[in-house]
Each structure stands twice: as structure tokens, then as C-alpha cells.
Amino acid sequence: MRIFKNSRNVQNKPLSREQAVNVGEVSDEALMTAISGGALWAMDALYERYSRLLYSLAYRMVTDHQVAEDLLQESFLSVWRNASSYSSRNGAVHSWLFSIIHHRAIDYLRALQRRAALNPVSLEDVDPEDHQASSDTWEQVWVSYQQAQVRQALMTLSKEQRLVIELAYFQGWTQAEIAEGCHIPLGTVKARMRLGLLHLKRRLEQQGLQES
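For the sequence shown, counting from 1, position 190 maps to 196 in my numbering; every step adds exactly one.
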């Protein structure tokens with residue numbers, strides 16, 4: 007985990023033999039407790055456990071590998087600095103991590119929108135040929151409309167259902183990979199995906215989109 011290597015501000019407590027052997031069995035909550043106490047080994051364990059998942063979520067939102075990597079590092083640095091603020095009463099650790107990187111990605115996208123608004127394109131800069139209708143213009147518009155409707159429908163699902171569906175259909179993860187990456191039982195993944203897809207289908211039908 008490169009952001010924490012050689013950091014002079016981090017107290018690197020040595021990992022005991024029992025911790026080295028059983029770190030994979032340590033619960034997320036126990037890792038957070040250790041991190042709040044300055045245990046770098048716990049920070050490394052949490053990173054190994056969730057970095058792939060969080061990177062995938064960030065990349066899905068920003069579609070830029072370097073930006074997604076930067077957001078990942080910034081998010082885990084925030085975790086290190088604010089570990090003591092985590093409480094299990096506010097949800098599972100992986101949900102807390104998801105919310106951190108999600109908010110950072112949203113902030114990044116909003117900053118892009120603000121910069122774009124400061125640089126409007128004048129009519130003189132527009133090539134008229136760019137606006138000539140092609141044979142598939144309306145098909146592209148319809149596809150974009152459908153995608154927007156799907157994204158809107160996804161937001162009506164629970165956070166847990168949306169997560170497994172996005173990982174499966176936008177990132178190409180198998181159900182087994184989702185179970186391993188999110189540290190939840192395979193049966194739970196299947197149940198959330200089944201219920202989520204059912205609700206998504208109903209929602210799209212309400213919006214007037216039918217299966218082709």
C-alpha cells in the first residue's frame with residue numbers, strides 16, 4: 007500500500023506471530039479498532055481486503071484509471087486519519103468505505119463540471135458539420151435515454167442490491183468474486199441480485215421500458 011510506506015507520521019506497530027497467521031480471520035470491526043490505535047498492520051489488512059472493490063467502484067464513476075487510483079489512496083488516507091470516527095451503529099465497515107470513496111468521486115466529478123462551466127464553447131468554435139444528423143442519430147439518443155433510465159432505476163434499489171448488480175453487470179465480476187471481494191456469503195449475493203433485478207425490472211416497466 008504505497009501511500010503508507012515510509013510515512014513518518016504513522017506509528018508502525020510490529021505484527022505479532024498470532025496476528026500474522028490469523029489476520030485474515032480478524033473482523034473488519036476489529037481492524038478498525040486496531041487502526042484507530044495506530045496499528046499499520048491493520049491498515050494494510052483492510053487495504054488488501056477492500057482495495058480492489060473500492061478501485062472498481064471509483065473507476066466505474068470517473069472512467070479514468072489514474073484518477074480512480076488517486077481517489078483510492080485518498081480514501082484510505084482518510085480512513086487512517088478518521089478511523090476513530092467509525093461506529094458499527096452507522097453500518098458495516100465495507101459500507102462506510104464505500105460511502106467515503108463514493109463521496110470523493112462525486113466531489114471530483116462536480117469539480118470537473120464547475121471547470122467545464124467556466125470554459126463555455128462559443129458559437130464561432132462550433133463546426134456546423136458536427137451537428138449534421140447521421141443515420142443513427144436517433145438510435146444513439148434512444149440508447150442514451152435508456153441508459154439514463156436504467157441509472158435512475160438503479161438508484162431506487164437498496165445500497166446492498168445496487169452494489170452487487172453494478173459489480174456484476176458493469177464490472178463483470180462473478181457472483182463468487184463479489185462474495186469474496188465484499189466478504190459476504192455467496193447465498194447473500196445471489197439473493198440480493200435476484201431481488202434487485204426483480205425490483206429493477208418492475209421499475210423500468212413503470213418507466214415504460216420493456217425488455218427487447
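Glycine included, C-beta positions come from ideal geometry on N, C-alpha and C.
By the neighbour-count criterion, in which 16 or more other beta carbons inside 10 Å mark a residue as buried, Phe176 falls on the exposed side. Within the model, the alpha-carbon separation for Ser84 versus Leu37 is close to 15 Å. With at least 16 other beta carbons inside 10 angstroms of its own, Arg55 counts as buried.
Distance from the CA atom of Ala98 to the CA atom of Ser105, rounded to whole angstroms, is 11 Å. Around the C-beta of Leu173, 16 or more other C-beta atoms lie within 10 Å, and the residue is accordingly described as buried. Taking the Cβ atoms as the reference, Gln181 lies roughly 6 Å from Lys196, within the contact range of under 8 Å. For Asp34 against His100, the beta-carbon gap comes to about 7 Å, under 8 Å, which counts as contact.
His71 and Cys188 have their C-alpha atoms some 21 Å from each other. Excluding its 5 nearest sequence neighbours in each direction, Gln213 has C-beta neighbours in its own chain below 6 Å: Gln155, listed in chain order. In the three-state scheme derived from DSSP, where H, G and I count as helix and E and B as strand, Ala45 is classed as strand.
Inter-residue distance for Ala64 and Trp179 is about 15 Å (C-alpha atoms, whole angstroms). A direct Cα-Cα distance of roughly 23 Å separates Ile41 from Ala74. Look at His189 here: in three-state DSSP terms it is coil, with no helix or strand label. Closest in alpha carbon position to Leu115, among Gln167, Met67, Gly193, Ser57, is Met67.
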